[in-house]
Each structure stands twice: as C-alpha cells, then as structure tokens.
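The opening position of the sequence shown corresponds to residue 104 in this note's numbering, with each subsequent residue numbered one higher. Each residue gets a CB set at the ideal place from its N, CA and C atoms; glycine is no exception. Remember, it's a predicted structure, so these values are computed and weren't measured experimentally. For reference, the structure discussed in these notes is given below.
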Amino acid sequence: MQRPGWTADRLPRLDGTRVVVTGASNGVGLETARALAGAGAHVLLAVRDPALGRRRAAEIGGSCEVVELDLADLASVRACAEAITDPIDVLVNNAGVYPLRREDTADGFELALGTNVLGPYALTALLLPRITDRVVNVASNSHKAATIDRADPHLRRRWSGPRAYAGSKLALLAWTLDLDRRLRESGSPVRALAAEPGWAASNISNKPGLGAVHRIAQRVALTIGNDLPTAARSTLFAVAEPMPGGAYVGFDGVGTFRGRVALIGRSAEASDPRVGAWFTAFAARETGVTVAPPRPG
Ligand SMILES: NC(=O)c1ccc[n+]([C@@H]2O[C@H](COP(=O)([O-])OP(=O)(O)OC[C@H]3O[C@@H](n4cnc5c(N)ncnc54)[C@H](OP(=O)(O)O)[C@@H]3O)[C@@H](O)[C@H]2O)c1
C-alpha cells in the first residue's frame, strides 16, 4: 500500500496565527478551516451566508469568527476587507463556483471570472497591507484546458461552463505568479502560492435540479479522487509548511486527482509572466482596486 505522504496531523501548532479562509461554509474550505482551528489558529470564516458560517464555526470549535463575504459583489468584498482590521498571517482564497448558466455578478462580471478570480483579486489587494505571511489561492488543474480570450474575458460572445471555470482558474494561477513577483520586487516577505484539491467530493456539483448528477459526481470523486479532509491537505500544506513563493501544491497521482501532496506543474499560459501582468492590469481596471504590496519591516 502506498504511504499517504503529508497529512494534516503533521500541521505544526498554529496558536497565535490568524488565517482568513474564504468559502469556509462547505467543502474543502470547511475542512481547511476545521484543521487550522484544530491546530490552534484563529480562523476567520469568510462566507456568503453568515448564519451558516456561525453554525460551521460552532461545529468546528476552537477559535473561529465569521465575516460576511460575497465574492460576486465588490461592495461586499470591500465591506469584508474593512471588517478585518487586525493583521492576518494567511489569506486562503478558497471559495469558488462552477456555473451552469451564463450569469453576471453584481458588477457585471461573468460569474466564474468574478467569483473565482476578480473577487479574490480585490479582496487580496485590499487586505494586503494587513497580510504578514502568505496568500494561498485554490486553483484547479482544469486550467490546463483553458486559454484566456483577452478580447472577450467575460465570454459574452461564446460561453460554456467548462470554458468559464477553467479560464477563471487559469487567470487565478497566472495572477498568483504575478502577485508573487510584485511582492518580491517590493522586498515584501509575503508570498503568493497556489493549491489544488484534486478531484474532491464537495458541494461544487450540488445544483438545483441536478441531484442525480451530484450523487454520481460524488461517487466518482470518492472512487478516483479525494474525500474532503484529504482534499484539504494541499491547501493546508501550502498554508503551514515552509514554501517558496509561486509554488503550486497538489497531488501526485494520475491526473492529480489524488495521491500524495506534491508540488505540481501548471500550463505554459499559466506560467507566462505576460499573462499574469495582463491579468493584474485587467483586474485593476475592472475592480478599481490596485495591489500595493506592503513595505518590508
Ligand atoms: N471539488 C473539486 O473537485 C475541485 C477541484 C479543483 C479545484 N476546486 C476548487 O476548490 C475550491 C473549493 O471548492 P469545493 O470543491 O470545496 O466546492 P464547494 O463545496 O461548493 O465549496 C465552495 C465554497 O465557496 C463558497 N462560495 C461560492 N460562491 C461564493 C461567493 N460568491 N462568495 C463567497 N463564497 C462563495 C461556497 O459557499 P456556500 O457554502 O454558501 O455555497 C462554499 O463555501 C474552489 O475554488 C474550487 O474551484 C475544487
């Protein structure tokens, strides 16, 4: 039998560490928050449904607080950033959506692009002056099938769910590298990293009217992918282990669906500094928020 590699019981004690986890109300984010709180971290559950967030916080125990965040609404992103006044060590941009229909966010962004990367970009940029250690962006290896259409980033001309989701994750990965490069150039000690949960039996396929599809997706995920505590390992590793900026943590099995926690590769487009720089400029224009890396010391 293959040894499991890194597991959450290897987390160091995190007492005194403050971590924001977006989308901590379900799925991989909930398991990430649970493990971090179990290791002694103070976890801010940034969730769009505060009542559900409070139930999750009570269930997790430890030191948790709930902050409201709807990534599909920049006003909510700003309010969330304003509500977090104390320094935080780690921001985990975990929340994500896989849309079935073409929908716009409150600000007119395509839903996957808005929720999975423009919202996290704005939240990160607004919180950056208060982040002391690292930003972990939860990406997806589906990005390898994507390419960014710079002439139509919101896919107004040609939309499909897979195209929107994979494209948003490609943008997220390219931006992670660009953010990390900017942080290093400014002399900041903060690093930007990415993680991938493998194929996780989460709530992401749980859509109204698609109960049977969701049940099948869960069964397949549990057969060839990860249960939720296992899926959270890559994020936890990226949060807590000594890591170089820009690293992408996932699993080493077939298709990266499961396996041992390992550094994994990204597509050529996701690694291209011109794509990252383009995305940062685009995101600043779309959101009106500019990244100002914290000064060292
Ligand atoms: N599942 C996989 O196989 C897989 C593979 C690769 C990458 N990922 C990524 O892993 C991350 C976690 O997803 P998951 O699989 O754990 O899915 P999930 O169970 O559906 O959890 C997603 C979380 O994001 C939250 N969320 C969705 N839209 C939001 C919004 N507008 N504002 C704030 N929060 C929002 C959800 O809130 P509610 O609880 O209110 O719905 C939920 O807490 C995502 O970034 C996803 O793309 C997943």
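| Query | Result |
| --- | --- |
| Taking contact to mean 3 or more Cβ pairs, one atom from each stretch, closer than 8 Å, check whether the region 313-325 and the region 335-353 are in contact. | no |
| Between V314 and ligand 1, is there a pair consisting of the residue's CB and a ligand heavy atom that are separated by less than 8 Å? | Note on residue identity: the sequence assigns Gly, not Val, to residue 314. G314 Cβ: outside cutoff for every heavy atom of ligand 1. |
| According to DSSP, which residues form a beta bridge with C167? | V146 |
| What's the gap between the Cα of K272 and the Cα of A215? | 9 Å |
| What's the call for A249, buried or exposed, on a 16-neighbour Cβ count within 10 Å? | buried |
| Is there contact between the region 111-119 and the region 134-142, where contact requires at least three CB pairs shorter than 8 Å? | yes |
| With DSSP as the reference, identify every bridge partner of F354, one or two as the case may be. | V364 |
| Which of helix, strand or coil does DSSP assign to R116? | coil |
| Inspect the CB distances between the region 176-192 and the region 210-228 and report whether three or more fall short of 8 Å. | yes |
| So what's A323 in DSSP terms, helix, strand or just coil? | Looking at the sequence shown, residue 323 is not Ala but Val. Here V323 sits in helix by DSSP. |
| With a threshold of 8 Å (Cβ to nearest heavy atom), would L296 be considered close to ligand 1? | no |
| Can you check which of these residues, R388, L148, A395, G356, is closest to F212 by C-alpha distance? | R388 |
| Report the option in K247, Y268, S245 whose CA atom is closest to the CA atom of P256. | Y268 |
| How many Å lie between W278 and G312 at the Cα? | 34 Å |
| I need the DSSP call for R261, collapsed to helix, strand or coil. | coil |
| Just to confirm my understanding: we take H317, look at its own chain, exclude 5 residues before and 5 after, and list those with CB closer than 6 Å. What are they? | S308, N309 |
| Does the distance from the C-beta atom of G222 to that of A175 stay below 9 Å? | yes |
| Contact defined as beta carbons within less than 8 Å: I believe G52 pairs with G199. What is the distance between those atoms, to the nearest angstrom? | The requested residue 52 does not occur in the structure, where the chain is confined to residues 104 to 400. |
| When the Cα of G353 is compared with those of A138, L282, L286, V239, which residue comes out closest? | V239 |
| Could you tell me if the beta carbon of D173 falls within a distance shorter than 8 Å of some heavy atom in ligand 1? | yes |
| According to DSSP, what are the bridge partners of D207? | E213 |
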